[in-house]
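Protein chains in written order, with the numbering used here: chain A, 1 to 480; chain B, 481 to 960.
From the three backbone atoms N, C-alpha and C, an ideal C-beta is built for every residue, glycine too.
Take a look at the structure set out below.
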Ligand SMILES: [Zn+2]
Ligand SMILES: [Zn+2]
């Protein structure tokens, strides 16, 4: 199954990065067929007895953990009929593919029609999973990405955040209003941005003999651990989005490239969860990428590929990287306003899956919540509003909380690193990024799925998820 | 199976066009696993009875032809054990991947070690197939690419060719020695060549919404009919190889893009054979691409992308395109010397499969035959000698004759077209290439595998394979 999923991953990357329009229908059918084959394997009649027998064996820790992960996957797969799996795969491929042209065309009606089909199938999946594991409908879907996490816990954490975040944003904005920040002036040719991206990835330790950087409409980190496929997108009027996006995806990539190589093919060699995965991308993009010491390392690369500019002077560059400004686009958001984007999506997607709202309610809710959380008017602007992300069209309901959980974990990792290495900030500024990478490799990357999330987090940082580190990080970076 | 093979095709293209070095081992394992899954499906125990029952049904012509093709595939698959199929897939992936670096390094010893493993498995495959269908060892392998063709027939056709070809090459060379031909002077930047390739493909009717042009170490036409993936390779000191190579692969591509779309997924929607496939690539590359009328159509594209040059003047360009000169490299050969390259490979690969020679004998045989057929000394030059093609490493024993059979079919098609359209040459010169494309589409592309090869050829051209057309074509183009 590991080997067949390899082909599925590469075909999925190709679909987003290379495939011409007329190839989509055949690709969607091919990937749905493979989803069906994999589902058949996961639901093979012989597995239940084999898993039960394995449970009685004397197993070492790794084997016991493998069995735990196999049972989790077996249980989730057996709750779903093959027809649903294939229908979902098809609906997702079609919705995602059409979104690529519908988004620039502001075609909400067209997108909504496809999305309704995806939501229908996701609700059915939630119903079947929840009936099996006793979770709520939404929690049953979120469990696919963040096993063990519940919306009660998310509500607790996000509820706290919702209280202090708007005030913090205002405080930071008031403070930054007094600063003068020079903006780099374009255009910035794509080829120069691509070369910059490659150099930044090298600086961050990406192994180009085991991966690539390409382009797609929505950036992502795909492929397989042995061959990681990053994508980004370029706008010639600005290089910052592509650069910070590439830094983000490189964090995902290094997690994948450094999973326990000798165990690949076993369940414990998988990344732990999507929250943990985002904790890596955000360790790279936010903790490290917006660090004043990191700006020093970026400067020569910017000079080499983009040119000389007073805007690239370290202090100004740091200001650019830590500029807090409510905006339309989640993936372009700074680390202070980012959680607001996630809270909005979490509230909408949970209501959608729980059946409290319908697809047609999304635009109005989006507008209301954007105004409430960030004071931004998105009415009529589908492209930069509720059609900006393809997650829902791709059936990723329950994924969004992982971004902010990831930001919180990332803050917790860096607090832990600073306890171990009081000179961490000087090390970063001096270019010794291995101080960070070695810690992440030892505590996260090389651990794969040996431990369940709370245990992994406790081993890495001495305690389970503690959102106080995230607040402390933002206050120290933006208000100190 | 059609859908799963889609993923295999895309992953195979990616392996050649994109994959970084460290990805190969995992990719090889993934593709071998899929070959195993497909083999299991083809050898499912229920199929024999189902095929026998279908035989008794009253079927229309298409269904009857589908059944014929299914039985052919069933029989060939059932002659081979799954372990052999997977071992072959793995050995091929490894050999092909290593060849990419071994060839430039002239590492014959390294390549030979991998090739011995492939040959061992190919001989075993030949033995099992021959035991089942009663053909000779080599014919059993050739039957995979050119069903129904035998080495007795190839010997007859190639024997005739071997008699008159060396004399013809000398005659043409003597004649061309009196001509002055201007050579275009480089360097020719890759980006300009790529843009030229795109425009030439458009001129030839390639549908870019259903395919792409990329780069690989060995040019090929891969992907799926709905999404055809061409590759080429660029050298900055010459644009002709890449351009003519792209024209060649575009011929393959248009065959694939124009297979009967409504039947895709059925066996009769497949291209008929590899000889027929090469007859399309060579109709494009040789019949059309070296046609003096076609040079007129290339001129504005060359001016646009490469620049102005007296070498591009139509008469000189035609001379460049029809220059006959014995050379090392098969894929760069002109249409007169090309068959010599094929005869050489056919003689070596047949002896290898029949067990008359071993892998270690290849270099010496290669040198002898190159000297004999083309008067060229390749001793010690593995890169431009027996390591230039990856066919053997890729397990494609029995494929090479298809190139020259294809050249003969292509000459037969154009002779038939000229009977139907006496003004064909003027039409080509005036840019009415649809005269050619419509004929190929009606007679070859849209026919898929409805008919066996001799019947398809007879319906298209009024008779079965007649090599006299090829000789007449060469004499008329090069000696008239
Ligand atoms: Zn991410
Ligand atoms: Zn060809």
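Using a C-beta to C-beta distance shorter than 8 Å, which residues of chain E count as neighbours of residue i?
i, result
"residue 500 (chain B)", "Among the chains of the structure shown, chain E does not appear; the protein chains present are A and B."
So the candidates are the options; which of them puts its Cα closest to the Cα of residue i?
i, options, result
"residue 823 (chain B)", "B:639, B:551, B:502", "B:639"
"residue 70 (chain A)", "A:103, A:456, A:43", "A:43"
"residue 749 (chain B)", "B:926, B:539, B:960", "B:926"
"residue 292 (chain A)", "A:318, A:231, A:155, A:201", "A:318"
"residue 276 (chain A)", "A:254, A:266, A:263", "A:254"
"residue 697 (chain B)", "B:919, B:871, B:505", "B:871"
"residue 567 (chain B)", "B:484, B:658, B:583, B:594", "B:594"
"residue 619 (chain B)", "B:674, B:573, B:645, B:827", "B:827"
"residue 964 (chain B)", "A:202, A:18, A:29", "The question about residue 964 (chain B) has no answer, for chain B in this structure spans 481 to 960."
"residue 106 (chain A)", "A:196, A:379, A:215", "A:379"
"residue 882 (chain B)", "B:628, B:497, B:560", "B:628"
"residue 714 (chain B)", "B:741, B:674, B:688", "B:674"
"residue 875 (chain B)", "B:645, B:515, B:904, B:621", "B:621"
"residue 647 (chain B)", "B:793, B:937, B:693, B:852", "B:852"
"residue 597 (chain B)", "B:525, B:839, B:655", "B:839"
"residue 953 (chain B)", "B:802, B:574, B:634, B:924", "B:802"
"residue 545 (chain B)", "B:928, B:951, B:651, B:615", "B:928"
"residue 98 (chain A)", "A:454, A:23, A:298, A:374", "A:23"
"residue 215 (chain A)", "A:188, A:245, A:442", "A:245"
"residue 777 (chain B)", "B:679, B:837, B:862", "B:679"
"residue 129 (chain A)", "A:205, A:96, A:109, A:75", "A:75"
"residue 459 (chain A)", "A:412, A:102, A:315, A:162", "A:412"
"residue 151 (chain A)", "A:211, A:351, A:224, A:170", "A:351"
"residue 670 (chain B)", "B:717, B:960, B:660, B:707", "B:717"
"residue 197 (chain A)", "A:262, A:213, A:399", "A:213"
"residue 878 (chain B)", "B:617, B:547, B:583", "B:617"
CB residue i to CB residue j, shorter than 8 Å?
i, j, result
"residue 890 (chain B)", "residue 762 (chain B)", "yes"
"residue 719 (chain B)", "residue 786 (chain B)", "yes"
"residue 739 (chain B)", "residue 751 (chain B)", "yes"
"residue 26 (chain A)", "residue 486 (chain B)", "yes"
"residue 542 (chain B)", "residue 930 (chain B)", "yes"
"residue 571 (chain B)", "residue 601 (chain B)", "yes"
"residue 758 (chain B)", "residue 727 (chain B)", "no"
"residue 603 (chain B)", "residue 833 (chain B)", "yes"
"residue 157 (chain A)", "residue 422 (chain A)", "no"
"residue 417 (chain A)", "residue 465 (chain A)", "no"
"residue 31 (chain A)", "residue 11 (chain A)", "yes"
"residue 209 (chain A)", "residue 500 (chain B)", "yes"
"residue 393 (chain A)", "residue 363 (chain A)", "no"
"residue 330 (chain A)", "residue 420 (chain A)", "no"
"residue 456 (chain A)", "residue 280 (chain A)", "no"
"residue 792 (chain B)", "residue 730 (chain B)", "no"
"residue 337 (chain A)", "residue 374 (chain A)", "yes"
"residue 182 (chain A)", "residue 211 (chain A)", "no"
"residue 324 (chain A)", "residue 176 (chain A)", "yes"
**Message:** Residues around ligand 1, please: the ones whose beta-carbon is closer than 6 Å to some heavy atom of it, in chain order.
**Reply:** Contact residues of ligand 1 (beta-carbon closer than 6 Å to any heavy atom; chain order) are A:248, A:252, A:278, A:281.
**Prompt:** Mind pulling the alpha helix (DSSP H) runs of 4 or more residues that sit fully within the segment 829–892 of chain B?
**Reply:** 842–854, all fully within the segment 829–892 of chain B.
**Asked** Along the chain, which unbroken stretches of the alpha helix (DSSP H) at least 4 residues long are found entirely within the segment 587–634 of chain B?
**Response** 588–613, 617–622
**Request:** Tell me the start and end of each unbroken beta strand (DSSP E) in the segment 658–709 of chain B that is at least 3 residues and wholly inside, in chain order.
**Result:** 691–695, 701–704
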